[in-house]
Amino acid sequence: MATRILSAYIHFPFCDVKCAYCDFFSIAKRHYPTDFEDTYLNQIKQDLAKKIPLVQNGETLRTVFFGGGTPSKASGSFFSKSLALLKNSGIPIHRNLEITAEGNPESLTYEKLCQMREAGVNRISIGIQSFQENVLKYLGRLYHPKQYKEVIQFARKAGFTNISADLIYGVPSQKWQQVQDDLNRLIDEGVVHISAYALTKEAGTKLAMQMDLGQKKSISAYRQAFQQEKIEAYLIQNGFYRYEVSNYAKPGYDCMHNVAVWKGRKYIGLGVAAHSFLHNVRILNPKSLKQYAVRKFTTIPSQKEDYLIGISRLAKPQSFQSLLKFFSKEEVHRLKDTLVSFCPEFIKVNSYFFQLTPKGLLFSDSILDRLANAISEIE
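So for the sequence shown, our numbering puts the first residue at 4; every next one is plus one.
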């Protein structure tokens, strides 16, 4: 019997500064109360206890992801204690458990990286975004040249071999040469996974307000499409391959956690604002520390569109057979007809599989809309 994969996500909410473009739940606070972590870990323990009964027999914990916020602001013991809660929960643990933690250069000191590695974290995702001061200034990011220069070296010295970095492109006034310089620096430093995100105008963010007021230049869709195509070509030349809309990896270094979520696998979300997907139900933790403390959760039935969102991001072939886990035969037939109607330069389709091409990934949102409309028409 094949192992059924289960994942866990743990949210650490604090950041030094709320980045102007970010719409994730976070609390901008350079220093948090000394007793916060112990209190929060106890809340996570209670959160986990409520969700354990929803884990089915045969499901094995394969990935853990510490996201935020800025998890690297947490103490080393936060990681070891969080992982101990999972390991003592009774959930079977995969022998090659992938444990990822996000962090920013400002708080990823060599000492902190050593503590994280000792706690069991074996994959580090560094939110660099850019090495260019003008780009970081536009994004409202803190910038400390020395820390940006040293953070990847520190990670390698601390024992990390699975190192990922985030970059943002399509920033107004950002030149392709700057993006290429950033990519070269990451490649030269031995980074094996790069997440390249197009800057987006998210409603309610400081950046969106500044754009609306004319205080900052607006995003150019042409610039973003041009830079995305250049990024893909350049990374492929340097031994990476694209496995998702925004993610590139050296062979064997895909982020297993993200792939599992995109494929509709089950996951437990722990911490304020975290989401879970268990028994085809989404459980939403509140976006408030006060409400999380009293465990006020929201549950909603999983929507088929959620699964479509995930698979429409993946660059690898997807089987029509796998769609039957979420859709009826009639719906799969309708989806297949819709996919066939697209031009081959966007989607490759045969009797068993479909795959978005690089150009198709550029227009994945439009493709998703067509697919969602196709199944909504079935009464």
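Cβ coordinates follow ideal geometry from the N, Cα and C atoms, glycine included.
- Counting only residues of its own chain and dropping the five nearest sequence neighbours on each side, ALA377 has a CB closer than 7 Å to the CB of ARG337, LEU338, THR341.
- In the DSSP assignment, GLN358 is bridged to LYS351.
- Note on geometry: alpha-carbon atoms of ASP372 and HIS34 lie some 43 Å from one another.
- The Cβ atoms of ARG65 and ILE8 lie closer than 8 Å to each other.
- Beta-bridge analysis with DSSP links GLU101 to THR66.
- Distance between HIS147 and VAL124, taken at the CA atoms: about 25 Å.
- Beta-carbon to beta-carbon, THR208 and ASP38 are separated by about 31 Å, too far to satisfy the 8 Å threshold.
- The Cβ atoms of ALA375 and LEU311 lie closer than 8 Å to each other.
- Residue pairing for THR302: DSSP places it in a beta bridge opposite ILE286.
- Annotated as distal: LYS204 and GLU62, with beta-carbon spacing of 8 Å or more.
- HIS14 and ALA277 do touch by the CB rule: their CB atoms are close to 4 Å apart, below 8 Å.
- The three-state reading of DSSP puts GLU136 in helix, counting H, G and I together.
- With 16 or more neighbouring CB atoms inside 10 Å of its own CB, TYR12 falls in the buried class.
- The straight-line gap separating the alpha-carbon atoms of SER291 and PHE82 is approximately 22 Å.
- The C-alpha of LEU111 lies about 6 Å from the C-alpha of SER75.
- Residue state for ILE127 is assigned as strand, using DSSP reduced to three classes.
- Taken through DSSP and simplified to helix, strand or coil, CYS18 comes out as strand.
- Around VAL335, the same chain offers PHE323, LEU326, LEU327 as residues with beta carbons nearer than 7 Å, after the five sequence neighbours per side are excluded.
- Comparing C-alpha distances from SER223 to each of GLN177, VAL138, LEU238 shows the shortest one belongs to GLN177.
- Taking all protein chains shown into account, TYR246 has 16 or more neighbouring C-beta atoms within 10 Å of its C-beta and is therefore buried.
- Bounds of the alpha helix (DSSP H) holding ARG188 are 179-191.
- Rounded to the nearest whole angstrom, the C-alpha separation of ARG226 and PHE243 is 22 Å.
- Residue GLU114 holds the alpha-carbon nearest to the alpha-carbon of SER78 among GLY173, GLU114, LYS293, GLN231.
- The beta carbon of ILE55 lies closer than 8 Å to those of SER92, GLY93, ILE94 in the same chain, with the five residues before and after it left out.
- Of the candidates SER367, ARG285, ILE127, GLN183, the residue whose Cα lies closest to the Cα of ALA161 is ILE127.
- Counting only residues of its own chain and dropping the five nearest sequence neighbours on each side, HIS282 has a CB closer than 7 Å to the CB of LEU57.
- The beta carbons of GLU105 and GLY143 sit no closer together than 8 Å.
- By a beta-carbon distance limit of 8 Å, ILE197 contacts SER167. Their separation comes to about 7 Å.
- By alpha-carbon distance to LEU44, the top candidate from GLN240, LYS21, LEU89 is LEU89.
- Take the alpha-carbon of GLY272 and the one of ILE155: they are about 28 Å apart.
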